[in-house]
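Novice: My structure is below; once you've seen it, I'll send some questions.
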Amino acid sequence: MTNRFERQHDLVPQHRLERLTATVIGVGAIGRQVALQLAAIGVRQLQLDDFDRVELTNVTTQGFLTADIGQLKVAAACQAVAAIDPTIVVHVMADRFRAKQPVGEALFCCVDSIAARASIWRSVRHRCAFWADGRMLGEVIRVLAAVEDRDREHYGSTLFPQQQAQVGRCTSHSTIYAASIAAGLLVHQFTRWLRGMPVDPDTTLSLLANELTPALAKGSSVVAASHA
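In terms of numbering that gives the first Met the number 0, the sequence shown opens at residue 0 and continues consecutively.
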């Protein structure tokens, strides 16, 4: 029998995935795609947090099914994960993230406001070993990852006051293809960490300009996606 992980054996160490829990906060445009990719690469324990329900526009921009409309996003995402691998243990929280809530060793922050990111970061920064944050505005994507102290210091510098944010939520101008790419970049940083490789603390990808830009200095504001 063929091992379904055979083709990713050198890229995703399964022995690491067997022992950790991954938490995804926000299972909308980027977060749902992250959850599905984590399920596909073999995560065994998954936590999904979101208070929202699936709307009609989420079918085109977030990948939910027409049959999911009206369901809680965490419930619909849980069903999609089970369709990939029914043996994955999925814990769902159909509510806003609470500071005392337990989190996994790896955390993916996929919420749509700076204020929410800052609140979550304050409560979990010392409780997770791997942190990743995906931000998206139109066809501009920003991916931040934090493992080492210097990464965490840089990430904190990106949490500017909400009033400085560009008008509109991250997901107010979004497409499924941009969300899928953003999720792939986040999961890539996760697999780098699993392999003991350094993560890229801050990367911006402009699909329209076809430019991939790493941050050159702490606190650098690369493009408009920093406001997402």
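Cβ atoms here follow ideal geometry from the backbone N, Cα and C, with glycine treated the same way.
Roughly how many whole angstroms lie between the Cα atoms of residue 187 and residue 66?
Specialist: Approximately 30 Å, taken between the alpha carbons.
Novice: According to DSSP, which residues form a beta bridge with residue 133?
Specialist: Note: residue 133 sits in a beta bridge opposite 142.
Novice: Which same chain residues, not among the five before or five after residue 151, have their C-beta less than 7 Å away from its C-beta?
Specialist: Contacts found: 124, 145.
Novice: Does the contact criterion of 3 or more C-beta pairs under 8 Å hold for the region 172-181 versus the region 92-103?
Specialist: Taking 8 Å as the limit for Cβ pairs, the verdict is that the region 92-103 does not touch the region 172-181.
Novice: What is the C-beta distance between residue 50 and residue 95, in whole angstroms, given that I count them as a contact (C-beta under 8 Å)?
Specialist: At roughly 5 Å, the Cβ-Cβ gap stays under 8 Å, so residue 50 and residue 95 are in contact.
Novice: Would you tell me roughly how many angstroms separate the C-alpha atoms of residue 126 and residue 57, rounded to the nearest one?
Specialist: Each residue's Cα considered, the two are about 31 Å apart.
Novice: For residue 174, which beta-bridge partners are listed by DSSP?
Specialist: Partner(s): none; residue 174 has no beta bridge.
Novice: Please return the same chain residues whose Cβ sits closer than 6 Å to the Cβ of residue 40, not counting the five positions on each side in sequence.
Specialist: Excluding positions up to five away in sequence, the list reads 11.
Novice: Enumerate in chain order the residues of its own chain whose CB-to-CB distance from residue 35 is below 7 Å, with the five nearest sequence positions on each side excluded.
Specialist: Excluding residues within five positions, the ones whose Cβ falls inside 7 Å are 79, 80, 83.
Novice: Exposed or buried, residue 111, counting other C-beta atoms within 10 Å across all chains shown (16 or more means buried)?
Specialist: The residue in question, residue 111, is buried, as its Cβ has 16 or more Cβ neighbours within 10 Å.
Novice: If you compare alpha carbons, which of 200, 75, 73 is closest to residue 147?
Specialist: When each option's Cα is compared against that of residue 147, the closest is 200.
Novice: Using beta-carbon positions only, say whether residue 93 and residue 108 come within less than 8 Å of one another.
Specialist: Result no, Cβ atoms of residue 93 and residue 108 do not sit closer than 8 Å.
Novice: With 16 as the cutoff for other CB atoms within 10 Å, does residue 69 come out buried or exposed?
Specialist: Exposed, by the Cβ-count rule.
Novice: What would DSSP say about residue 46, mapped onto helix, strand or coil?
Specialist: Residue 46 falls in the strand class under three-state DSSP.
Novice: Give me the Cα-Cα distance between residue 4 and residue 33, rounded to the nearest whole angstrom.
Specialist: Whole-angstrom Cα-Cα distance: 18 Å.
Novice: According to DSSP, is residue 212 part of a helix, a strand, or is it coil?
Specialist: Of the three classes helix, strand and coil, the one that applies to residue 212 here is strand, per DSSP.
Novice: Would you mind working out which of 88, 195, 153 sits nearest residue 213, comparing C-alpha positions?
Specialist: When each option's Cα is compared against that of residue 213, the closest is 153.
Novice: What does the Cβ neighbour count give for residue 139, buried or exposed, with the cut at 16 atoms within 10 Å?
Specialist: Counting Cβ neighbours within 10 Å, residue 139 comes out buried, since at least 16 surround it.
Novice: Name the residue from 133, 192, 64, 45 whose alpha carbon lies nearest to the alpha carbon of residue 52.
Specialist: Among 133, 192, 64, 45, the Cα nearest to that of residue 52 is on 64.
Novice: Give the secondary structure of residue 68 by DSSP, where H, G and I count as helix, E and B as strand, and everything else as coil.
Specialist: Residue 68 falls in the coil class under three-state DSSP.
Novice: Which of the three DSSP states, helix, strand or coil, is assigned to residue 86?
Specialist: Here residue 86 sits in coil by DSSP.
Novice: Just curious, the beta strand (DSSP E) that residue 148 is in, first and last residue?
Specialist: Where residue 148 is concerned, there is no enclosing beta strand (DSSP E), although the alpha helix (DSSP H) it sits in stretches over 148-156.
Novice: Run the CB neighbour count on residue 121, radius 10 Å, all protein chains shown included, and call it buried at 16 or more, exposed below.
Specialist: It is exposed - the Cβ of residue 121 has fewer than 16 other Cβ atoms within 10 Å.
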